[in-house]
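Each remark here refers to the structure printed beneath this line.
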Amino acid sequence: MDTTDTQPARRTYDVVVIGGGPVGENVADRAAAAGLSAVIVERDLLGGECSYWACEPSKALLRPVVARADAQRVPGLDHAVAGPLDAAAVLAHRDAMAAYWKDEDQVAWLESVGVDLIRGHARLAGTRTVAVRTPEGDGVELTARHAVAVCTGTGAALPDLPGLDAVRPWTSREATTADAVPGRLVVVGGGVVAVEMATAWQGLGSRVTMLVRGEGGLLPRMEPFAGDLVADHLREAGADLRFGASVASVARTDGEVRVTLADGDHVVADEILFATGRTPRTRDVGLETVGLTPGDWLHVDDGCRVTGVAGDWLYAVGDVNNRALLTHQGKYQARIAGAAIAARARGEAVDGTPWGAHTATADTVAVPQVVFTHPEIATVGLTAGEAERTGRRVTVVDHDLSRLAGTHQYGVGYRGRARMIVDEDRGTVVGATFAGPGVAELLHSATVAVTGATPIDRLWHAVPAFPTISEVWLRLLESYRDRPVPVKAG
Ligand SMILES: Cc1cc2nc3c(=O)[nH]c(=O)nc-3n(C[C@H](O)[C@H](O)[C@H](O)COP(=O)(O)OP(=O)(O)OC[C@H]3O[C@@H](n4cnc5c(N)ncnc54)[C@H](O)[C@@H]3O)c2cc1C
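Per my numbering: the sequence shown = residues 1 to 490.
Quick look at the structure:
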C-alpha cells in the first residue's frame with residue numbers, strides 16, 4: 001500500500017482499477033510491472049466472470065461433450081464411448097475448473113505481483129477519485145495520481161417480459177454453475193453463449209429446445225455455414241431448433257416453465273436460459289460524476305481512454321468498452337492500456353499509430369474467437385459479408401474440410417468447411433473461418449497471417465505438416481491461385 005495520506009480511509013495510488021476480472025488484473029499487473037503503485041477494487045470474486053461464471057466453467061462442461069462426439073467417430077474407440085456421459089463427474093470437474101468459486105489463488109497471485117486489493121463496491125467520485133464501500137460498510141477514498149481504469153465488465157441482458165422474475169430464469173451464470181442436469185431446457189437466443197450452453201446441456205442429458213428470434217440461423221455474426229453446421233449437429237444430438245420463434249410470455253407452475261411464443265405456440269420445460277446479450281456494468285460506478293451517463297457502454301479511443309472525459313486519466317478496458325467481448329481481447333487491451341498509462345506517467349511519448357505499442361489495433365482488424373461447440377467454429381478478421389459491406393475488393397475462397405487427409409485421420413465422416421478472405425488490393429488475408437471438429441487450434445495460424453498482413457506469395461512458403469488439418473491452408477492457397485481470373489480482350 002502507498003500511504004501518502006495520513007487518514008486511514010484515504011489512500012493514494014498511481015493507478016486505481018475498478019473491477020478485478022481478467023482485464024482489471026492485467027491492467028494492474030502491467031502498471032505494477034512498470035514500477036507504478038496499483039490497487040484493484042473488487043466487489044465479488046477476484047478473477048471476474050471469466051473464471052467463475054463464463055469461460056472456465058463453460059469450457060469444462062463442453063470439453064467432455066465434444067471429446068465424446070469426436071471419439072464416437074474414431075474406429076475402435078466408438079464402442080467405448082457409446083454410453084451417456086457421467087454427468088456427476090462432469091459437474092464435479094466443472095466445479096474444480098471454477099476453483100470451487102473461491103479466489104485465494106488469484107489473491108495470492110495479485111500479492112505476488114505487488115498489487116493491492118480492496119474488497120468492496122467502487123464508484124467514481126470526480127476526477128481521479130474513487131469512493132469504495134467495503135462489505136463491512138466502511139468508506140475508503142482512493143486518489144489516482146495517474147489513471148483510473150474502469151474494468152467492470154458486463155452482465156446478462158434479460159428481455160422485458162412480464163412475470164420473468166417469478167420464473168427464475170437461467171442466465172449465463174446459472175447455465176455455467178447449475179448442479180443438476182434439467183430434464184428439459186429451453187435456450188432463448190442463437191449466439192455464442194446460446195449454442196455453447198445448448199451443446200453442453202444436450203450432451204449432458206437435457207432435452208434442449210432452442211428458440212431463435214431471427215430466421216437467419218445460428219451464430220448470425222459469423223459466416224452462415226458455421227451456424228448451419230452447428231445447427232445440423234445440435235439436431236443430430238437431439239435438440240429441437242426453432243427459428244423465427246419470439247417469446248411472448250413465460251410462467252412457472254408446479255415447477256414447470258411454460259413458454260408462450262408470439263405465434264401462440266407453447267413450449268414446456270424444467271428450466272429456461274436467456275442467452276440474449278450482455279449489458280455493461282456501469283449503472284452504479286459514478287459515471288455521472290465525470291459527465292457520463294450511467295448504464296451506457298464506455299466509449300474509448302484505440303488506446304482505451306474514455307472519450308468525452310478530459311485529462312488522459314480515465315480508461316475503460318475489457319467488456320465494458322464493447323470493443324470485443326472476449327477475455328483474450330480484453331487482456332490485450334489491458335496490456336496496451338497498461339503500457340500507455342506507464343508511458344504517460346513517465347512523461348514519455350505515447351505511440352498512437354496503428355499497431356503501435358499503445359494502440360489496440362487488433363480489436364478492429366483481427367479479433368480471434370472460438371465457439372467451443374461440436375463442431376468447433378474458429379474465426380478471425382472479416383467475414384465475406386463484412387468485407388462486402390466495407391466495400392473492399394476481396395476474393396472469397398472456400399474449401400471442404402472433409403477432402404483433407406488430416407480430417408480423414410481425425411474421424412470417420414468428418415464434416416467441415418473453411419473460408420479465407422483475400423484483400424485483392426493488399427494481397428493479404430483479411431479474414432478466415434474454420435468450421436469443423438478440432439479446428440480451434442488452427443485459429444492462431446490465421447490470426448498471425450491477418451495481423452502480420454503476410455503477403456499471399458509468402459504464405460506459400462509456410463508448409464503445413466502432413467497429415468494435419470492445417471493442410472487446409474495449402475488447399476485454400478491452391479484454390480486462390482487457380483481461381484478464374486477475367487481475361488482481357490485482346
Ligand atoms: C457463458 C460465457 C462464456 C464465455 N466464454 C468465453 C471464452 O471461452 N473465451 C473468451 O475469451 N471469452 C468468453 N466469454 C467472455 C468473457 O467472460 C468476458 O469477455 C470477460 O470475462 C471480460 O472480462 P472483464 O474483466 O472485462 O469483465 P468481468 O470478467 O465481467 O469482470 C468484471 C469484474 O468487475 C467487478 N465489478 C463490477 N462492478 C464493480 C464495482 N462497481 N466495484 C468493484 N468491482 C466491480 C465484477 O465483480 C467482476 O469481477 C464468455 C462469456 C460468457 C457469458
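Every residue, glycine too, gets a C-beta built ideally from N, C-alpha and C.
- Stretch pair the stretch 44 to 60 + the stretch 396 to 413: three plus CB contacts closer than 8 Å: By the C-beta criterion, the stretch 44 to 60 is judged not to be in contact with the stretch 396 to 413, since fewer than 3 inter-stretch pairs fall below 8 Å.
- Message: To test your reading of the DSSP string, which unbroken alpha helix (DSSP H) runs of 4 or more residues are found completely within the stretch 23 to 85?
- Response: Listed in chain order, they are 48 to 53, 55 to 71.
- Trp201 versus Ala166, Gly238, Ser246, Asp228, residue with shortest Cα-Cα distance: Position 201 of the sequence shown holds residue 201. Among Ala166, Gly238, Ser246, Asp228, the Cα nearest to that of Trp201 is on Gly238.
- Message: Taking its Cβ as the centre, do 16 or more other Cβ atoms sit within 10 Å of Arg458, making it buried, or is it exposed?
- Response: In the sequence shown, counting from the first residue as 1, residue 458 sits at position 458. Burial call: exposed.
- Message: Mapping the DSSP letters down to three states, classify Tyr410 as helix, strand or coil.
- Response: Position 410 of the sequence shown, counted from the start, is the residue given in the question as residue 410. Tyr410: helix per DSSP, three-state reduction.
- Query: Hey, would you say the C-beta of Asp95 is under 6 Å away from at least one heavy atom of ligand 3?
  - Reply: Here the bound small molecules are ligand 1; ligand 3 is not part of this structure.
- Item | Other residues of its chain near Ala125: CB distance less than 8 Å, five sequence neighbours each side excluded | Start at 1 with the first residue of the sequence shown, and residue 125 comes out as number 125. The answer, listed in chain order, is Ala131, Glu141, Gly286, Thr289.
- Message: On the CB-based measure, 16 or more other CB atoms within 10 Å of its CB, does His233 come out buried or exposed?
- Response: Counting from 1 along the sequence shown, the entry for residue 233 is found at position 233. It is buried - the Cβ of His233 has at least 16 other Cβ atoms within 10 Å.
- Bridge-paired residues (DSSP) for Ser249: Taking the sequence shown and counting its residues from 1, one reaches residue 249 at position 249. Assignment of beta-bridge partners to Ser249 by DSSP yields Thr260.
- Item | Same chain only: Cβ atoms within 7 Å of Leu161, ignoring 5 sequence neighbours per side | Position 161 of the sequence shown holds residue 161. The residues Val247, Ser249, Val250, in chain order, have a CB closer than 7 Å to that of Leu161 in the same chain once the five nearest residues on each side in sequence are set aside.
- Message: Taking its Cβ as the centre, do 16 or more other Cβ atoms sit within 10 Å of Gln409, making it buried, or is it exposed?
- Response: Walking along the sequence shown from the start, residue 409 turns up at place 409. When all chains shown are included, Gln409 counts as exposed.
- Item | Residue range of the beta strand (DSSP E) that includes Ser432 | The residue you call residue 432 lines up with position 432 of the sequence shown. The residue you asked about is not Ser; residue 432 is Ala in the sequence shown. Per DSSP, Ala432 is one residue of the beta strand (DSSP E) stretching across 428 to 436.
- Item | DSSP beta-bridge partners of His461 | For the purposes of this step, residue 461 is taken as residue 461 along the sequence shown, with counting starting at 1. Partner residues in a beta bridge of His461, as assigned by DSSP, do not exist.
- Message: So the candidates are Gly48, Gly120, Asp319, Asp86; which of them puts its Cα closest to the Cα of Val41?
- Response: On the sequence shown, residue 41 is found 41 positions in, with the first residue counted as 1. The candidate whose alpha carbon is nearest that of Val41 is Gly120.
- Just list the beta strand (DSSP E) runs in the stretch 282 to 314, keeping only unbroken ones of 3 residues or longer that don't cross its boundaries, in chain order. Under the rule that a run must span 3 or more residues, no beta strand (DSSP E) segment is found entirely inside the stretch 282 to 314.
- Query: Which residues mark the beginning and the end of the alpha helix (DSSP H) in which Ala92 is found?
  - Reply: The residue you call residue 92 lines up with position 92 of the sequence shown. 87 to 97 is the extent of the alpha helix (DSSP H) around Ala92.
- Message: Contact between the stretch 22 to 31 and the stretch 139 to 153 is defined here as three or more beta-carbon pairs at a separation below 8 Å; is this criterion met?
- Response: They touch, by the three-pair rule.
- Task: Out of Thr177, Arg213, Val15, point me to the one whose CA is closest to Asp95's CA.
- Result: Numbered from 1 along the sequence shown, position 95 holds the residue referred to as residue 95. Nearest of Thr177, Arg213, Val15 to Asp95, Cα basis: Thr177.
- Message: Within the continuous beta strand (DSSP E) that includes His495, where are the two ends?
- Response: This structure does not reach residue 495, given that the chain is present from 1 up to 490, and the question cannot be answered.
- Task: Within 10 angstroms of the Cβ of Thr373, are there 16 or more other Cβ atoms? Answer buried if so, exposed if not.
- Result: Numbered from its first residue, the sequence shown carries residue 373 at position 373. Thr373 comes out buried.
- Item | Complete runs of the beta strand (DSSP E) confined to the stretch 196 to 221 [at least 3 residues] | Within the stretch 196 to 221, the complete beta strand (DSSP E) runs of at least 3 residues are 207 to 212.
- Item | Opening and closing residue of the alpha helix (DSSP H) in which Gly227 lies | Here residue 227 is taken as the residue at index 227 of the sequence shown, counted from 1. 224 to 236 is the extent of the alpha helix (DSSP H) around Gly227.
- Item | Backbone CA spacing between Thr209 and Val320 [nearest angstrom] | For this step, residue 209 is matched to residue 209 along the sequence shown. For this step, residue 320 is matched to residue 320 along the sequence shown. Distance between the alpha carbons of Thr209 and Val320 is about 31 Å.
- Cβ of Asp116 versus every heavy atom of ligand 1: is any distance shorter than 6 Å? Taking the sequence shown and counting its residues from 1, one reaches residue 116 at position 116. No, the Cβ of Asp116 stays beyond 6 Å of every heavy atom of ligand 1.
- Neighbour-count burial assignment, His146, 16 or more Cβ in a 10 Å radius: As a working note, residue 146 is residue 146 in the sequence shown. In the assembly as shown, His146 is a buried residue. Its beta-carbon has 16 or more other beta-carbons within 10 Å.
- Cβ of Ala345 within 7 Å of Cβ of Leu77? Along the sequence shown, one-based indexing puts residue 345 at 345. Along the sequence shown, one-based indexing puts residue 77 at 77. Going by C-beta atoms, Ala345 is not nearer than 7 Å to Leu77.
- Query: Since Asp228 and Arg123 are thought to touch, with beta carbons under 8 Å apart, how far apart are those beta carbons, to the nearest angstrom?
  - Reply: In the sequence shown, residue 228 corresponds to position 228, counting from 1. In the sequence shown, residue 123 corresponds to position 123, counting from 1. Your pair Asp228 and Arg123 does not check out as a contact, with CB atoms roughly 46 Å apart and the cut at 8 Å.
- Query: Does any CB atom of chain B fall closer than 7 Å to the CB of Gly47?
  - Reply: No chain B is present in this structure, which holds just one protein chain.
- Whose C-beta lies closer than 6 Å to the C-beta of Gly223 among residues of the same chain, with five residues either side of it excluded? Translated into positions along the sequence shown, residue 223 becomes position 223. Checking the displayed sequence, the identity of residue 223 turns out to be Glu instead of Gly. Excluding sequence neighbours, Glu223 sits near Thr383, Arg419, Thr433.
- ligand 1 heavy atom lying under 6 Å from the CB of Ile421: The residue given as residue 421 occupies position 421 in the sequence shown. It does not: the Cβ of Ile421 is nowhere closer than 6 Å to a heavy atom of ligand 1.
- Collapsed DSSP secondary structure at Leu401 in the structure displayed: By 1-based counting over the sequence shown, the position of residue 401 is 401. Leu401: helix per DSSP, three-state reduction.
- Message: In this structure, how does DSSP classify Gly385 when only helix, strand and coil are distinguished?
- Response: Residue numbering aside, residue 385 sits at position 385 when the sequence shown is read from its first letter. Gly385: helix per DSSP, three-state reduction.
- Item | Residue of Val16, Gly21, Arg10 minimising C-alpha distance to Thr327 | For the purposes of this step, residue 327 is taken as residue 327 along the sequence shown, with counting starting at 1. Considering only alpha carbons, the answer is Gly21.
- Task: Can you have a look at Ser470 and say buried or exposed, based on whether 16 or more other CB atoms are within 10 angstroms of its CB?
- Result: Numbered from 1 along the sequence shown, position 470 holds the residue referred to as residue 470. Counting C-beta atoms within 10 angstroms of its own C-beta, Ser470 has 16 or more neighbours from the protein chains shown and is therefore classed as buried.
- Does the Cβ-Cβ distance between Arg168 and Arg184 come in under 7 Å? Counted from its first residue, the sequence shown places residue 168 at position 168. Counted from its first residue, the sequence shown places residue 184 at position 184. No; because the gap between Cβ atoms is not below 7 Å, this pair is not in contact.
- Item | Sequence-distant residues of its chain with Cβ nearer than 7 Å to Ala166 (five each side left out) | The residue labelled residue 166 in the question sits at position 166 within the sequence shown. Arg252.
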